[in-house]
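**Student:** Using UniProt numbering, you'd call the opening residue of the sequence shown number 1 and step up by one each time.
Glycine is no exception: its CB is placed at the ideal position from the N, C-alpha and C atoms.
None of these values were measured; they are calculated from a predicted model.
I am attaching a structure below and will ask some questions about it afterwards.
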Amino acid sequence: MSGGHKQEIYRKRNTNGLQPHSVQEMNTKKMSPHNTVRYLRLVNVFTHLEPDILECEVRWALGSITMNKASGGDGIPVELFQTLKDDALKELHSICQQIWKTQQWPQDWKRSVFISISKKGNAKECSNYRTIALISHCSKVMLKILQARLQQYVNSELPDIQPGFRKGRGTRVQIANIHWIIEKAREFKNIYFCFIDYAKAFDCVDHNKLWKILKEMGIPDHLTCLLRNLYAGQEATVRTGHGTTDWFQIGKGVHQGCILSPRLFNLYAEYIVRNTGLEEAQAGIKIAGRNSNNLRYGDDTTFMAQCEELKSLLMKVKEESEKVGLKHNIQKTKITASGPITSWQTDGKTMETVTDFILGGFKITADGDCSHEIKRHLLLGRKAMTNLDSIFKSRDITLPTKVHLVKAMVFPVVMYGCESWTIKKAERRRIDAFELWCWRRLLRVPWTARRSNQSILKEISPGCSLEGLMLKLKL
């Protein structure tokens, strides 16, 4: 057997072997021309339509697509639209308007190319890979328009305690809320916190239940139909270094790579919470006269209550989650408390009790002490500064540019989550020392050099200090 023939057999075995691991949670079936046609006949069409798509909406959507991104299966780069300008605008407007009226999507716009990227850990373990999806840039124009039309309905259904994937909201405020609650908990009885993790949450969304939820939440039938027909007949392939697999159907989970998916999942998770009856439950703690028992960010959910109350809440949430196909990942679900902790069990498995927990890149401690978190962020800042050494050594880059780089790439690493920090005198000294270390490293001035801190700051002219920037962000 020739070497080339052996290589071809190896390529086929490996590409098809990767398929079940990359999409094992997506209820896939191998494609054939016959079952594709039969699948596409199941779509619905509504005659009561939302207002037509305007050309200015297409122009806005085109302008908001990020450049220098890998193209999908059709191979069309987004930069092509910038070159064609008005010609591309008119054609895309015509295509989007046709989809809007017929609710039928081009099959190329339903196709995704999956690429597995290694995470930390053993590279031979399939679970240590993250899958990303490449979709057509043309489809992103229509998806952005659809997202804008959906946004008002989504915002009206989601409560303030769910800031995930919402404009003007972020993880920082949620982290600050949890930190303040822990500090307040010292004044009351022992409060237990449970950080819930769902197993492959986005990949386990049931499509039929999703359409039912959208209808119950008042999403217009026309927009729901567009989403249903986008999901009907989805196809994907896995790209590896040895080639690509055959195309297969996806019958489960939200559309990977689609900007609509996080918003749809938010509604899915909101449905679970409503059915659990958490808003009416007396369990939780009083904040500004209101009873609060949960905080959410996308699929990250934090429950808080007294011991027995929290057990009851978790059982209700677990039951409602399983009804719509989501299961708790007991191994990653953690419990912490402001007082003594007892071990808990669910389904015969013990949930781990911890004294601290990383949530959204921020370490939450049971006692609410920020000193360890500040030290951790200063170490991360030192690492970020060290990674820029090659730039700081360059003589072709001006000093003001280097200073801007430090403020843009190093200081944000240190300041993440500082809105809720309680900064003591010792921490202030550490922060000031770190800032001076950054400026000395930038100027290549060692500590042994006989230069005062004032002369360093005068040469750099940083404006506002790092500590001053933190105080400006203080909530």
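Classify G468 as buried or exposed, calling it buried when 16 or more other Cβ atoms lie within 10 Å of its own Cβ.
**Tutor:** Exposed, since its Cβ has fewer than 16 Cβ neighbours within 10 Å.
**Student:** Taking the alpha-carbon positions, what's the S455 to G368 distance?
**Tutor:** Distance between the alpha carbons of S455 and G368 is about 38 Å.
**Student:** Let me know if M234 comes out buried or exposed under the rule of 16 or more other beta-carbons within 10 Å of its beta-carbon.
**Tutor:** Reading off the sequence, residue 234 comes out as Gln, not Met. Buried, by the Cβ-count rule.
**Student:** Measuring CB atoms only, is the region 387–405 touching the region 163–181, in the sense that at least three cross pairs come out at less than 8 Å?
**Tutor:** No: fewer than three Cβ pairs fall under 8 Å.
**Student:** Give the C-beta separation of R111 and G73 to the nearest angstrom, bearing in mind that I take them to be a contact with Cβ-Cβ under 8 Å.
**Tutor:** The pair is a contact, with the Cβ atoms about 5 Å apart (cut-off 8 Å).
**Student:** Counting along the chain, where does the alpha helix (DSSP H) carrying V413 start and finish?
**Tutor:** F411 to M415 is the extent of the alpha helix (DSSP H) around V413.
**Student:** Whole angstroms are fine: how far does the CA of W211 sit from the CA of N229?
**Tutor:** Answer to the nearest angstrom: the Cα atoms are 11 Å apart.
**Student:** Hey, could you find the ends of the beta strand (DSSP E) C194 is sitting in?
**Tutor:** Segment Y192 to I196, the beta strand (DSSP E) holding C194.
**Student:** Rounded to whole angstroms, what is the Cα-Cα separation between N190 and S338?
**Tutor:** If I take the Cα positions, the gap works out to 6 Å.
**Student:** Is it true that the CB of A199 sits closer than 7 Å to the CB of K327?
**Tutor:** Result yes, Cβ atoms of K327 and A199 sit closer than 7 Å.
**Student:** Which residue marks the beginning of the beta strand (DSSP E) containing Q345, and which one marks its end?
**Tutor:** Where Q345 is concerned, the enclosing beta strand (DSSP E) stretches over W344 to T346.
**Student:** Which first and last residues belong to the beta strand (DSSP E) in which A201 is found?
**Tutor:** Taken as a continuous stretch (DSSP letters only), A201 belongs to no beta strand (DSSP E), as it is neither H nor E.
**Student:** Can you tell me the Cβ-Cβ gap for I285 and F193, rounded? I've got them flagged as a contact below 8 Å.
**Tutor:** Contact flag wrong, Cβ pair sits at about 10 Å.
**Student:** Please confirm whether W421 and C370 have their CB atoms less than 7 Å apart.
**Tutor:** Yes, the Cβ-Cβ distance between W421 and C370 is below 7 Å.
**Student:** Helix, strand or coil, according to DSSP, for R239 in the structure here?
**Tutor:** Three-state result, R239: strand.
**Student:** My understanding is that S118 touches N128, with C-beta atoms under 8 Å, so please give their C-beta distance in whole angstroms.
**Tutor:** Right, their Cβ atoms sit about 7 Å apart.
**Student:** Could you name the residues of the same chain whose beta carbon sits closer than 6 Å to that of R169, not counting the 5 residues immediately before and after it, in chain order?
**Tutor:** Once the five neighbours on either side are set aside, the close Cβ partners of R169 are P163.
**Student:** Starting from T83, trace the alpha helix (DSSP H) in both directions and tell me its first and last residue.
**Tutor:** Taken as a continuous stretch (DSSP letters only), the alpha helix (DSSP H) holding T83 covers E79 to L84.
**Student:** If I'm right that L295 touches N177 with Cβ under 8 Å, what's the distance once you round it to whole angstroms?
**Tutor:** Sure, about 6 Å apart at Cβ, within 8 Å.
**Student:** Could you tell me the distance, in whole angstroms, from the CA atom of K424 to the CA atom of V413?
**Tutor:** Approximately 20 Å, taken between the alpha carbons.
**Student:** If you pair each beta-carbon of the region 245–253 with each one of the region 298–318, do three or more pairs fall below 8 Å?
**Tutor:** No contact exists between the region 245–253 and the region 298–318.
**Student:** Less than 7 Å separating the beta-carbons of I145 and I53?
**Tutor:** Yes.
**Student:** What is the DSSP secondary structure of S452, reduced to helix, strand or coil?
**Tutor:** Coil, per DSSP.
**Student:** Chain D beta carbons: is any one of them nearer than 7 Å to that of N68?
**Tutor:** Within the model displayed, chain D is absent; a lone protein chain is all it includes.
**Student:** Return the Cβ separation of F392 and L442 in integer angstroms, given the expectation that the two are a contact with Cβ distance under 8 Å.
**Tutor:** Right, the Cβ-Cβ distance comes to about 5 Å (below 8 Å), so this counts as a contact.
**Student:** So, does the region 369–383 touch the region 313–326, judging by three or more C-beta pairs under 8 Å?
**Tutor:** Verdict: no, contact absent.
**Student:** What would DSSP say about M315, mapped onto helix, strand or coil?
**Tutor:** Looking at M315 - three-state DSSP - the assignment turns out to be helix.
**Student:** Should K85 be listed as close to the ligand PLP, given that the test is whether its C-beta is under 6 Å from any heavy atom?
**Tutor:** As presented, the structure is devoid of all ligands, the ligand PLP included, so that no description of it is given.
**Student:** Please report the distance separating the alpha-carbon of K407 from that of K474.
**Tutor:** Roughly 18 Å between the two C-alpha positions.
**Student:** To which residues does DSSP link K286 through a beta bridge?
**Tutor:** DSSP, once it has assigned bridges, lists N291 as partnering K286.
**Student:** Taking the C-alpha atoms as reference points, what is the distance between L158 and I259?
**Tutor:** Taking the straight line from one Cα to the other gives about 17 Å.
**Student:** Which residues mark the beginning and the end of the beta strand (DSSP E) in which L134 is found?
**Tutor:** Y129 to L134 is the extent of the beta strand (DSSP E) around L134.
**Student:** With DSSP run on the structure shown, which of helix, strand or coil describes S465?
**Tutor:** DSSP places S465 in coil when its eight states are reduced to three.
**Student:** Less than 6 Å between C-beta atoms, sequence neighbours within five positions excluded: which residues of the same chain meet that for A70?
**Tutor:** Here the set comprises L134.
**Student:** Taking the Cβ atom as the reference point for each residue, do K318 and T276 lie within a distance shorter than 7 Å?
**Tutor:** No, Cβ-Cβ distance for K318 and T276 is not below 7 Å.
**Student:** Decide if T333 is buried, meaning its Cβ has at least 16 other Cβ atoms within 10 Å, or exposed.
**Tutor:** Classification for T333: buried.
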